[in-house]
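Undergrad: This structure is in structure tokens; I'll ask about it shortly.
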Amino acid sequence: MDWLTDHKLPLGDWMEAFVDWLTWNAAGFFDAIAISLEWVILSLVDVFLWFPSWALIALVAAMAWALHRKLSLTIFTVAALLLILNMGYWTEMVQTLVLVLTATSLSVLIGIPVGILAAHKRWVYTLLRPILDLMQTIPTFVYLIPTLVLFGLGVVPGLISTIIFAIAAPIRLTYLGISRVPEELLEAGKAFGASNSKLLYKVELPAAMPSIMAGVTQCIMLSLSMVVIAALVGADGLGKPVIRALNTVNISQGFEAGLAIVLVAIILDRICKKPGSKEEI
Amino acid sequence: MAAVEIKDLDVVFGNNQAQTLSLIDQGLSRQEILEKTGDVVGVQGASLSVNEGEICVLMGLSGSGKSSLLRAVNGLNQVSRGSLEVQDGDARVDLANCNAQTLRHLRSKRISMVFQKFALMPWLSVVDNVAFGLEMQNVGKKERRRRALEKLEMVGLSEWQDKFPHELSGGMQQRVGLARAFTMDSDILLMDEPFSALDPLIRAQLQDELIELQERMKKTILFVSHDLDEALKIGSHIAIMESARIIQHGKPEDIVLNPSNAYVEDFVAHTNPLNVLRGRSLMTDVSDMALSNNSLTLNARENSQVQLESGRPISATRGEVALAVTPWNESESLDKVAENMLMVTTPEVSMRNAIELRYRSGQPVLLAEDNKVVGMLSDRDFYHALLGKHFTQDSNSEADAA
Numbered sequence: 001m002d003w004l005t006d007h008k009l010p011l012g013d014w015m016e017a018f019v020d021w022l023t024w025n026a027a028g029f030f031d032a033i034a035i036s037l038e039w040v041i042l043s044l045v046d047v048f049l050w051f052p053s054w055a056l057i058a059l060v061a062a063m064a065w066a067l068h069r070k071l072s073l074t075i076f077t078v079a080a081l082l083l084i085l086n087m088g089y090w091t092e093m094v095q096t097l098v099l100v101l102t103a104t105s106l107s108v109l110i111g112i113p114v115g116i117l118a119a120h121k122r123w124v125y126t127l128l129r130p131i132l133d134l135m136q137t138i139p140t141f142v143y144l145i146p147t148l149v150l151f152g153l154g155v156v157p158g159l160i161s162t163i164i165f166a167i168a169a170p171i172r173l174t175y176l177g178i179s180r181v182p183e184e185l186l187e188a189g190k191a192f193g194a195s196n197s198k199l200l201y202k203v204e205l206p207a208a209m210p211s212i213m214a215g216v217t218q219c220i221m222l223s224l225s226m227v228v229i230a231a232l233v234g235a236d237g238l239g240k241p242v243i244r245a246l247n248t249v250n251i252s253q254g255f256e257a258g259l260a261i262v263l264v265a266i267i268l269d270r271i272c273k274k275p276g277s278k279e280e281i
Numbered sequence: 001m002a003a004v005e006i007k008d009l010d011v012v013f014g015n016n017q018a019q020t021l022s023l024i025d026q027g028l029s030r031q032e033i034l035e036k037t038g039d040v041v042g043v044q045g046a047s048l049s050v051n052e053g054e055i056c057v058l059m060g061l062s063g064s065g066k067s068s069l070l071r072a073v074n075g076l077n078q079v080s081r082g083s084l085e086v087q088d089g090d091a092r093v094d095l096a097n098c099n100a101q102t103l104r105h106l107r108s109k110r111i112s113m114v115f116q117k118f119a120l121m122p123w124l125s126v127v128d129n130v131a132f133g134l135e136m137q138n139v140g141k142k143e144r145r146r147r148a149l150e151k152l153e154m155v156g157l158s159e160w161q162d163k164f165p166h167e168l169s170g171g172m173q174q175r176v177g178l179a180r181a182f183t184m185d186s187d188i189l190l191m192d193e194p195f196s197a198l199d200p201l202i203r204a205q206l207q208d209e210l211i212e213l214q215e216r217m218k219k220t221i222l223f224v225s226h227d228l229d230e231a232l233k234i235g236s237h238i239a240i241m242e243s244a245r246i247i248q249h250g251k252p253e254d255i256v257l258n259p260s261n262a263y264v265e266d267f268v269a270h271t272n273p274l275n276v277l278r279g280r281s282l283m284t285d286v287s288d289m290a291l292s293n294n295s296l297t298l299n300a301r302e303n304s305q306v307q308l309e310s311g312r313p314i315s316a317t318r319g320e321v322a323l324a325v326t327p328w329n330e331s332e333s334l335d336k337v338a339e340n341m342l343m344v345t346t347p348e349v350s351m352r353n354a355i356e357l358r359y360r361s362g363q364p365v366l367l368a369e370d371n372k373v374v375g376m377l378s379d380r381d382f383y384h385a386l387l388g389k390h391f392t393q394d395s396n397s398e399a400d401a402a
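Respectively, the protein sequence lines represent chains A and B.
full-length UniProt numbering puts the last residue of the first sequence at 281; the count rises by one with no breaks.
full-length UniProt numbering puts the last residue of the second sequence at 402; the count rises by one with no breaks.
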């Protein structure tokens, strides 16, 4: 046994060498991504903060009303946002919201086409499945380190880590939705002369839509659950005060920041869920 | 002119087509082929010609290959061997070798399909479902709606245009399926057990509606059914399938009268012949009846006689009672038929009407053609048909001599 422990496999060293190699050889590429993503996020934050807080609250409340027509949800949305404003976490909340929305948009933009491809080509899914499992099970802190090295401190490594963690949901649920489209609907589509693209847009996607939307909602919630971890690498938002409270054992700050995260989560969850779906309780 | 012409068609499901086809040629059974190659033989050596305006019913038990054959006609199943030609305007397209574009053209202009489980799109309203095929052809929304509403009216569902499929009963959903197929204005209609998922009453109703619509539209219909009664009711021709082969193809009456083997005989024995059989195939021929001095014996025991004058029935008696010789044809009401009439009608009379005549008049029914008596329908003939004995070789020549 001594021999085994004495001759340790340098797995970690190999990985480090690989990341080093990436940083040396593709630094320009990663920098470009980092700079452009950072620019997008910061501009979005500026745009949202340019609005007076009441206008933003009214906008979110109007959205809740338009989508669900439920007075209780609208009132709750307004009250929750006012409470966050009152606790002094308005800027952080906007930063978190922008991070979540950006991560979700990118995840969905990449995830849905990949999910469709996986449903159509068996080998893609076979290849993809272990990768998706890996992305969801590997502790987030572990890939926080290489993303930090590649993209530098700030909001971008947080965003990338969030996407790695959250993208599996839209991929999996798109795959599931498309591959579960009833055979008879596909046959009906074909029998009425649908081309392949028509079949995708007029039969498969509408039939899979409930599943795909569930994937998007899940993606939003998964992204939100990453805010604290993203704050560890320097992403601004509601995660920062939580980390600060942890470091200074500040119970009151920790509670308030945590409450703000929970409120944002509830608002996003309730607004995103499809009206009339069974998940809504 | 044949709208669909199928010749020596094989349809094989699986990845070892070449091997399976050679095993078919060696005469192996489906089961043996499945064990050897893992392929399923869907259709084997099928030849069938469906004329324009005809309703051809593919009949058989589940797994007999009837759906496989139907689906080959619009390319949902690929032709493994043989030819399957579909009339497309002045040209003929062979499904065995046509490209994707031609296939799409056939499916959107020539052939529409109605599915067993309706296969309506649950996210589309009724009218949008009916317009689905037009949407696939990029027809504009307004035009699409107009044409869909027209067909929706035809199946009596205009009021329901904005509902969703799940809000409709099964019978209504299948009417939407029918309207969707009609909207394509294609001349060939494929119907894959369209009424099997419905209640018996609704099924009968939709069958009647289909027959009625067909009178107006004169489409060429291929209809799959596992129910011989349904096949006899709506089919102008019936092809019976058993383990991937067509074993008999003919008119409904031919099938009932001359089943080609025990399998078909078994089917026929369980059907109701009333609507299928006609007088001519049931009757006791005039040459088998006792004739003396122009007096034809209908029933020796009751001493019923009919007097003929150069083959034409003039008067009739039963014992001492005179019977009124009364002509009747199928467009007339049955109400005028009374006791002690001797009804004379055409040999094309349906068995149902003939029995009604016999029942109301209390006498055998005389069949005449060109003013000449050709035969007679007595109780014995009816019992023969009802018991399914009409296709066995014990002829009814003994008639009512007893």
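Here a beta-carbon is modelled for each residue, glycine too, at the ideal position from N, C-alpha and C.
(1) With C-beta atoms as the reference, is residue 110/B less than 7 Å away from residue 128/B?
(2) Name the DSSP beta bridge partners of residue 56/B, please?
(3) Any idea what DSSP makes of residue 142/A, helix, strand or coil?
(4) Within 10 angstroms of the Cβ of residue 384/B, are there 16 or more other Cβ atoms? Answer buried if so, exposed if not.
(5) Please name the residue, chosen from 350/B, 2/B and 115/B, that lies closest to residue 253/B on a Cα-to-Cα basis.
(6) At the 7 Å Cβ level, is residue 108/B part of the contact set with chain A, yes or no?
(7) Do residue 43/B and residue 65/B have their C-beta atoms within less than 7 Å of each other?
(8) If the cut-off is 8 Å on Cβ atoms, which residues from the segment 186-214 of chain A count as contacting chain B, listed in chain order?
(9) Taking residue 101/A as the reference, which of 222/A, 262/A, 240/A and 30/A has the closest Cα?
(10) Using the DSSP secondary-structure output, state which residues sit across from residue 341/B in a beta bridge.
(11) For the segment 117-143 of chain B, list every residue whose C-beta sits within 7 Å of some C-beta in chain A, in sequence order.
(12) Which one of 243/A, 262/A and 98/A has the shortest CA to CA distance from residue 254/A?
(13) Would you identify the three-state DSSP class for residue 30/A, choosing helix, strand or coil?
(14) Please list, in chain order, all residues of the same chain as residue 277/B whose beta carbon is under 8 Å from its beta carbon, the five residues on each side excluded.
(15) Using the Cα positions of residue 161/A and residue 136/B, report the straight-line distance between them to the nearest angstrom.
(16) For the alpha helix (DSSP H) that contains residue 165/A, what are its first and last residues?
(17) In chain order, what residues of the same chain have a beta carbon less than 6 Å from the beta carbon of residue 134/A, not counting five sequence neighbours either side?
(18) Pull up the DSSP beta-bridge partners for residue 309/B, would you.
(19) Using the rule of at least 16 other Cβ atoms within 10 Å of the residue's Cβ for burial, across every protein chain shown, is residue 2/A buried or exposed?
(20) Using the three-state DSSP reduction, which class does residue 8/B fall into: helix, strand or coil?
(21) Hey, residue 73/B and residue 190/B: beta-carbon distance below 7 Å or not?
(22) Can you tell me the Cα-Cα spacing of residue 239/A and residue 126/B, whole angstroms?
(23) Give a yes or no on whether the minimum CB-CB distance between residue 184/A and chain B is below 7 Å.
(24) Is the beta carbon of residue 290/B closer than 7 Å to that of residue 297/B?
(25) Does chain A have any CB closer than 7 Å to the CB of residue 164/B?
(26) Between the C-alpha atoms of residue 193/A and residue 241/B, what's the straight-line distance to the nearest angstrom?
(27) What's the gap between the Cα of residue 155/A and the Cα of residue 57/A?
(28) Nearest-angstrom Cα distance between residue 115/A and residue 47/B?
(29) Determine the burial state of residue 14/A: buried for a count of at least 16 other Cβ atoms within 10 Å of its Cβ, exposed for fewer.
(30) Does the Cβ of residue 402/B have 16 or more other Cβ atoms within 10 Å, making it buried, or fewer, making it exposed?
(31) Decide if residue 170/A is buried, meaning its Cβ has at least 16 other Cβ atoms within 10 Å, or exposed.
(32) Does the segment 115-126 of chain B come within contact of the segment 152-165 of chain B, defined as at least 3 CB pairs closer than 8 Å?
(33) Is residue 93/B near residue 86/B, with beta carbons less than 7 Å apart?
(34) Does the beta-carbon of residue 193/B have 16 or more other beta-carbons within 10 angstroms, so that it is buried, or is it exposed?
(35) Touching or not, the segment 247-266 of chain A and the segment 203-219 of chain A, by the rule of three or more beta carbon pairs under 8 Å?
(36) Any C-beta of chain A sitting closer than 7 Å to the C-beta of residue 76/B?
TA: According to the data block:
(1) no
(2) 222/B and 237/B
(3) helix
(4) buried
(5) 350/B
(6) yes
(7) yes
(8) 187, 188, 189, 190, 191, 192, 193, 194, 195, 198, 202, 203, 206, 207 and 209
(9) 222/A
(10) 324/B
(11) 117, 119, 121, 123, 132, 133, 135, 136 and 137
(12) 243/A
(13) helix
(14) 253, 256, 257, 350, 351, 385 and 390
(15) 42 Å
(16) 155-166
(17) none
(18) 312/B
(19) exposed
(20) strand
(21) yes
(22) 50 Å
(23) yes
(24) yes
(25) no
(26) 28 Å
(27) 25 Å
(28) 44 Å
(29) exposed
(30) The pLDDT assigned to residue 402/B is 36, lower than 50, so where the model puts this residue is not dependable, and the model offers no usable value.
(31) buried
(32) yes
(33) yes
(34) buried
(35) no
(36) yes
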